[in-house]
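Encoded as structure tokens, the structure appears first; notes follow it.
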Ligand code: ATP
Ligand code: MG
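In my numbering, the protein residues as written are 269 to 703.
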């Protein structure tokens, strides 16, 4: 049984970390971004502590390529700004330094901070500002304010050693995700951490520690109180990291899914589709937000609006709109993305109706059609009755189109001077005129 070194640093600020020197770990400077190294060295040369922190240390120790490198230091934001010409201070509640490089590259340098005591929290703290951390602290306090032990490891540029205040090294070795402190307290403080836990465990293929699981069972539905904007970002991370299906299934198990997705229930078939979408992402094909939303809702949409030759596309668009509306409002999805998601669903409907209907040439040239076919092909992997149809469409799309479609000979339509009607604005893929 692990000895839990997770004492509150407020009670024991002098606690000693475990330090692993250069020859005891696998992090080499050659794996660290050159600009990041320069920043670390300059901070160090100027008498400051300079650590690599967060996910980058975790990933390097696991032999993975970090997504980005974050730096922690005891220099204050003003001191950091004085050292770097290309430095901009950002953040209202907690000032962070962004050091900018060519090509939109930004390295974040943060002063060590600690969690505020309850009496330091502002009076106007609302349900969405759980993650308020605006007090400078020691490196040890900075480790303890983080979410999981494996995310709280430091790499010190002065000694090239790894510094572990929270037992994260042992958890890395055991491939176990553990919350720093009492999971129920930390989840209540910031419910987004529950989603981060599922995501990280899925990404790293780590097991969730027993206390973390208890915390999830206790606090699952609180996810509804988290800021929708932050959840939306984390949800897109799931798709980016190819763990959407796995995490949503687990979220459903802990009662997190419905409150997480603003009422969406999902079902086995939808998760199976997300599995296949995650596999597709593995071949370096990123998922756009519109595609992610369309994939989430394709199953419920096809149930609600089964593709029939006699059903007009306008009705499919209406159904798609109604289905996506609550989700898009909940997450303040931009109108353009919502429109793309709706077009994808309506195009899947059109594909599902079969080939040979009027307006097919125009439909085949519509920019959304290839993505819709890709989505429907993934769906068809679980619905063999659609396989032949999908292949037929694929042949048509890949050049089965002989000669220009009839519409293309027509003079371009004059743009109406009338203000665009609501209907026009919400129009999806070109409507098929029914025979
Ligand atoms: P990724 O590989 O996705 O970048 P990451 O661990 O670096 O993973 P970030 O979202 O970049 O994740 O956060 C950086 C660090 O900030 C984390 O490693 C963690 O230490 C800390 N952190 C982020 N979010 C929270 C949170 N909600 N509560 C406490 N600490 C957090
Ligand atoms: Mg990161």
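Ideal Cβ positions, reconstructed from N, Cα and C, are used throughout, including at glycine.
Check                                                                                                                                                                                                     : Outcome
Got a sec? Which residues, its chain only, sit under 8 Å from residue 573 by beta carbon, not counting five neighbours each side?                                                                         : 579, 583, 584, 587, 588, 617
Measure the Cβ-Cβ separation of residue 513 and residue 474 and say whether it is below 7 Å.                                                                                                              : no
Kindly indicate the opening and closing residues of the beta strand (DSSP E) around residue 286.                                                                                                          : 286 to 288
When DSSP labels each residue in this structure, what does residue 333 get in the three-state scheme?                                                                                                     : coil
Do you know how far the Cα of residue 302 is from the Cα of residue 536?                                                                                                                                  : 45 Å
Taking its Cβ as the centre, do 16 or more other Cβ atoms sit within 10 Å of residue 611, making it buried, or is it exposed?                                                                             : buried
Contact defined as beta carbons within less than 8 Å: I believe residue 316 pairs with residue 341. What is the distance between those atoms, to the nearest angstrom?                                    : 5 Å
Considering only DSSP beta bridges, list what residue 355 is partnered with.                                                                                                                              : 367
Return the chain-ordered ranges of every beta strand (DSSP E) run that is complete within the segment 387 to 475 and spans a minimum of 3 residues.                                                       : 422 to 424, 429 to 432
Apply the 10 Å Cβ neighbour rule to residue 439 and answer buried if 16 or more other Cβ atoms are within range, or exposed otherwise.                                                                    : buried
Does any heavy atom of ligand 1 sit closer than 6 Å to the C-beta of residue 461?                                                                                                                         : yes
When the Cα atoms are used, what is the spatial distance from residue 407 to residue 414?                                                                                                                 : 11 Å
Cα-Cα, which of 334, 453, 446, 597 is closest to residue 530?                                                                                                                                             : 597
With a threshold of 6 Å on Cβ separation, who are the neighbours of residue 507 within its own chain once the five nearest residues in sequence on each side are excluded?                                : 555, 560
Whether or not the segment 463 to 471 and the segment 424 to 437 are in contact is what I'm after, with contact meaning three or more pairs of Cβ atoms, one per stretch, closer than 8 Å; do they touch? : no
One question on the structure: do residue 608 and residue 558 come within less than 7 Å of each other, judged by their Cβ atoms?                                                                          : yes
Roughly how many whole angstroms lie between the Cα atoms of residue 568 and residue 644?                                                                                                                 : 14 Å
Note down, in chain order, each residue of its chain lying with its Cβ closer than 7 Å to the Cβ of residue 677, except the 5 sequence neighbours on either side.                                         : Here the model assigns residue 677 a pLDDT of 36, short of 50, so the residue's position is not dependable, and the following value carries that caveat. Closer than 7 Å at the Cβ level, and outside the excluded window around residue 677, lies no residue.
Can you check whether the CB of residue 646 is closer than 7 Å to the CB of residue 544?                                                                                                                  : yes
Based on DSSP bridge pairs, tell me the residues matched to residue 338.                                                                                                                                  : 321
Cα separation between residue 653 and residue 576?                                                                                                                                                        : 15 Å
Just list the residues that DSSP pairs residue 379 with in beta bridges.                                                                                                                                  : 341
What would DSSP say about residue 636, mapped onto helix, strand or coil?                                                                                                                                 : coil
Could you name the residues of the same chain whose beta carbon sits closer than 8 Å to that of residue 297, not counting the 5 residues immediately before and after it, in chain order?                 : 305, 428
Would DSSP call residue 658 helix, strand or coil?                                                                                                                                                        : helix
Quick test of your reading: residue 419 and residue 323, contact by CB under 8 Å. State the CB separation rounded to the nearest angstrom.                                                                : 6 Å
Going by other Cβ atoms of all chains shown within 10 Å of its Cβ, with 16 needed for buried, is residue 565 buried or exposed?                                                                           : buried
Ends of the alpha helix (DSSP H) at residue 568?                                                                                                                                                          : 557 to 572
For the alpha helix (DSSP H) containing residue 538, list its first residue and its last residue.                                                                                                         : 536 to 550
In its own chain, which residues sit with a C-beta less than 6 Å from the C-beta of residue 397, not counting the 5 before and 5 after it?                                                                : Residue placement at residue 397 cannot be trusted, given a pLDDT of 47 that sits under 50; what the coordinates show is reported in the next sentence. Taken in chain order, the list of residues that qualify is empty.
Look at the alpha carbon of residue 442 and the alpha carbon of residue 284, and state the distance between them as a whole number of angstroms.                                                          : 22 Å
In terms of DSSP beta bridges, what is residue 373 paired with?                                                                                                                                           : 369
When the Cα atoms are used, what is the spatial distance from residue 489 to residue 664?                                                                                                                 : 47 Å
If you follow the alpha helix (DSSP H) that residue 603 is in, where does it begin and where does it stop?                                                                                                : 603 to 621
Locate the alpha helix (DSSP H) running through residue 592, then write down its first and last residues.                                                                                                 : 581 to 598
With residue 321 and residue 430 assumed to form a contact (beta carbons below 8 Å), what rounded beta-carbon distance in angstroms separates them?                                                       : Not really, about 11 Å apart at Cβ, beyond 8 Å.
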